[in-house]
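**Student:**
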Amino acid sequence: MSEHKMLCMGCMEPLEQEGGVCPNCGYSDSVMNSPAYLKPKTILDSRYIVGRLLKYNGESATYIGYDNNEDMKVFVKEYMPDAICHRDTDSAAIVVGQSTVVQYKNYMSEFIELNKSLIRFRTMSHIIAPCDMFYDNNTAYIIMPYCAGVTLKQYLQQNAGELSWEQVRKMFPPLLTTLGCLHNAGIIHRGISLENILVTDKAELVLTGFCIPEIRTVNTDLAPELYAGYSAPEQYAASEWDGTWTDVYSVAAVMYRLLTGCMPTEAMARVGNDSLLEPCKINPHVPANVSRVIMQAMNLSCQRRIQTITDFVTKLFDEPSYMDKLPKGATQTIPIQIPRQEKQGSKKSSKKKKSNVGMFIGAGLLIVIVAIAFFVLVAMLLPENDDDSGQDVSLPAVTSPNPTTEQTQTSATTAPVTTEESATTTQSQPQGTMFIMPDLRGSKYTSVVESDTWKDRLEFEAVYDYSDEYERGVIFDQDIPEGTELYPVQHVKLFVSQGYATVQIPDYINEFGMRMTQEEYVVLLDELNIKYEFRDLNTPNMASGYVMGVYCPETSSGVGGDINVKDGNTLYVDISVFTPGMDAAG
């Protein structure tokens, strides 16, 4: 423990007095900790103070920590593959059985080599790379600089569930450049997702969550950590090769989520029935070329997918073609006048004049194809001539957002070319730009209605009902099928889940083996729509405000049992009331 300051083990901020609840993060030393992980205030390498557990997976556990030598917060990452080892609670050392010692050592060697490679990138600001490594407790530890920020998932929730292309193209280039450097060094992430990208207070992206390959694929000795919607299809098959193209898929999937507000379909669910819509069909504000590149990067075939981050960036930020820039809508004919060119004093016949004009028309059309804008300017500047020996030529129809009066007027010198079909379409076509109805199922209703994407296109009506498949607040059906061609403003009815009709009564012992407080447990109950009532329970050995037991009389169930929230079943929750001096039997 630091000799010159008292620190909160939850956030490593200074405390005025030891004990009690931290005013900064709400952490209390009285909170029970799981014996599988290091106890708060553990000292490592005579230098680092270990705080509370932040996260863990099948490879390692990450804690908040404090560097006493440098007086700064750090992250402490402990190699701890819990499927093949466990902790001695008396000594904090990792214990490995004889049958798994080979795997344990092999994976630890990979863990060390990966982080040695990452140390070379510690000066780069867009990844969290190790700054120290050492062995202790029969395992390896990695120290990383602390990075304040929120995950991209949290950032998205704070921004109505989606970002604009302008925001994405500003935020991502530094991260993609860093990722390209990592790939050149042979480092593949394999876990890029909203949870492994941090957003700093300067809106800069930082990549974290590097792990050994065995954690990011199925059928290994370790529990896999894959990210539905973001992990590439080859990560679900041990026989498939992964590589730089694996990270390309994940980055593209992240952008898909940011730009559309919709979760990408899980890779394996796309196999055999790929119904993933292009981003521009969900959000018309996404440039067509960007939409195409994202879909190319999310190709299920490794061979057909964009192979490197460099290629992905080049194509993604390349200027769109002329046709991509044209807005979608009604067509308009732009008349182009080819001026007569007749030598002064010529006595040629009318037939000869028309023959010469025909030559000029042919030459003019070739030039028009090369430089449309130039001929528009010429047509505007040349004086009109009433001599009927000349001839005008009109270009084929091209799309235009709002035809000007000058372009739509016709006279003896202009002859716009239109077809019967285009004329009929123009008369009957609804106002506004056509768009495709997206599949909103699986999206949060609040994210959809708050999104600027649909503000001027869709008018929403929510119909709430219980669902056995979708969480509360998630859209589970819509009255207009996905892929329907629509014009604004279209009324659409969305069916939103009120939650599951029958749910399991949640446990009041958390993942660290500690009892939940009344406030913590209420959050779980509210999320499940469970009706509850509290009962005081006098306790001589437990502080007030903790959950001691639960019971539903309608279903005669406790933790893990079913409760019907649709029918209004009530859960009775016993809350501890500290009673000093009370007999334990009383």
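The C-terminal residue of the sequence shown carries number 587 in this note's numbering, and the numbering is unbroken.
Glycine is no exception: its CB is placed at the ideal position from the N, C-alpha and C atoms.
1) Can you say whether Arg53 is buried or exposed, counting buried as having 16 or more other CB atoms within 10 angstroms of its CB?
2) In angstroms, rounded to a whole number, what distance separates the CA positions of Met435 and Ile295?
3) Can the beta-carbon of Cys553 be found closer than 8 Å to that of Ile510?
4) Could you tell me which of Thr90, Val249 and Asp30 sits nearest to Glu235, measuring between CA atoms?
5) Restricting to Cα atoms, I'd like to know which of Ser558, Glu472 and Val490 is closest to Glu528.
6) State the beta-bridge partners of Asn565 as determined by DSSP.
7) If Tyr237 sits next to Met269, beta carbons under 8 Å apart, how far is it from one beta carbon to the other, in whole angstroms?
8) Using a 10 Å radius around the Cβ and a threshold of 16 neighbouring Cβ atoms, would you call Thr588 buried or exposed?
9) Using the beta-carbon count (16 or more within 10 Å), is Ala239 buried or exposed?
10) Among residues of its own chain, excluding the 5 on either side of Cys132, which ones have a beta-carbon nearer than 7 Å to its beta-carbon?
11) DSSP three-state call for Met435: helix, strand or coil?
12) Can you tell me whether DSSP reads Arg293 as helix, strand or coil?
13) Would Val291 be called buried (16 or more neighbouring beta carbons within 10 Å of its own) or exposed?
14) Could you give the uninterrupted runs of the alpha helix (DSSP H) lying entirely in the segment 474–529, keeping only those of 4 residues or more?
15) Looking at the structure shown, is Asp1 part of a helix, part of a strand, or coil, going by DSSP?
16) Just curious, the beta strand (DSSP E) that Met73 is in, first and last residue?
17) Determine, using beta-carbon pairs with one atom in the segment 162–174 and one in the segment 84–103, whether at least three such pairs fall under 8 Å.
18) Over what stretch of residues does the alpha helix (DSSP H) that includes Arg170 continue unbroken?
19) For Pro402, name the three-state secondary structure that DSSP assigns.
20) Quick test of your reading: Gly21 and Ser448, contact by CB under 8 Å. State the CB separation rounded to the nearest angstrom.
21) Output the distance between the C-alpha atoms of His127 and Gly181, rounded to the nearest integer angstrom.
22) Taking the continuous alpha helix (DSSP H) assigned at Ala254, which residues delimit it?
23) Output yes or no for whether 8 Å exceeds the beta carbon distance between Met299 and Tyr231.
**Tutor:** The relevant details are as follows:
1) Buried, because 16 or more other Cβ atoms sit within 10 Å of the Cβ of Arg53.
2) Their Cα atoms are separated by approximately 22 Å.
3) No, they are not a contact pair.
4) The closest CA to that of Glu235, considering only Thr90, Val249 and Asp30, is found on Val249.
5) Looking at the Cα atoms, Glu472 is the closest of the given residues.
6) DSSP output for Asn565 lists Thr503 as bridge partner(s).
7) About 5 Å separates the two Cβ atoms, so the contact holds.
8) An answer regarding residue 588 cannot be provided, because it is not within the stretch 2 to 587 covered by the chain.
9) With fewer than 16 other Cβ atoms inside 10 Å of its own Cβ, Ala239 counts as exposed.
10) Hits under 7 Å: Arg123, Ile144, Met145 and Pro146.
11) Look at Met435 here: in three-state DSSP terms it is coil, with no helix or strand label.
12) Assigned with DSSP and collapsed to three states, Arg293 falls in helix.
13) That one is buried.
14) Unbroken alpha helix (DSSP H) runs of no fewer than 4 residues, entirely contained in the segment 474–529, are found at 519–528, following chain order.
15) In the structure as shown, the chain starts at 2 and stops at 587, and residue 1 therefore has no counterpart that could be examined.
16) Counting along the chain, the beta strand (DSSP E) containing Met73 begins and ends at Met73 to Tyr80.
17) Segments in contact, no.
18) Counting along the chain, the alpha helix (DSSP H) containing Arg170 begins and ends at Trp166 to Met172.
19) Low per-residue confidence applies at Pro402: pLDDT is 41, beneath 50, and the placement is therefore not dependable enough to give any value.
20) In fact, because the Cβ distance is near 38 Å, the residues do not count as touching under 8 Å.
21) Rounded to the nearest angstrom, the gap between the Cα atoms of His127 and Gly181 is 12 Å.
22) Note, Ala254: alpha helix (DSSP H), Thr245 to Thr261.
23) Result no, Cβ atoms of Met299 and Tyr231 do not sit closer than 8 Å.
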